[in-house]
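Please read the structure below before turning to the comments.
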Amino acid sequence: LGRVDKKANIPLKPGVQPISLPMYGTSPAKREVLDAQLDKWFAQEVIEPSKSPWGSPCMIVYRNGKPRL
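Position 68 of the sequence shown, counting from 1, maps to 81 under our numbering, and the rest follow consecutively.
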């Protein structure tokens, strides 16, 4: 994967309140898939930890019988 040393900034309208939704309930098997993929992306530096007040849950879908995030 390519790497870019840039930070993104998303301008917000004045007075907008942050939205943070809780994680969807998942089975232990799906949680393992989620954790494994996130660990892989962290190791590849595709994603990084964030302490943002904004948040959205992710979901696992199946394609060709394999789970995808």
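Heads up, the beta-carbon is just placed ideally off N, CA and C, and yes, glycines get one too.
Predicted model only: the values in this text are computed from it and were never measured.
Are the Cβ atoms of residue i and residue j separated by less than 8 angstroms?
{"i": "residue 60", "j": "residue 67", "result": "no"}
{"i": "residue 69", "j": "residue 34", "result": "yes"}
{"i": "residue 73", "j": "residue 26", "result": "no"}
{"i": "residue 57", "j": "residue 82", "result": "no"}
{"i": "residue 46", "j": "residue 80", "result": "yes"}
Since residue i is in the beta strand (DSSP E), which residue starts that stretch and which ends it?
{"i": "residue 74", "result": "74-76"}
{"i": "residue 81", "result": "79-81"}
Please go through the stretch 20-73 and give each complete alpha helix (DSSP H) segment of 4 or more residues, from N-terminal end onward.
41-56
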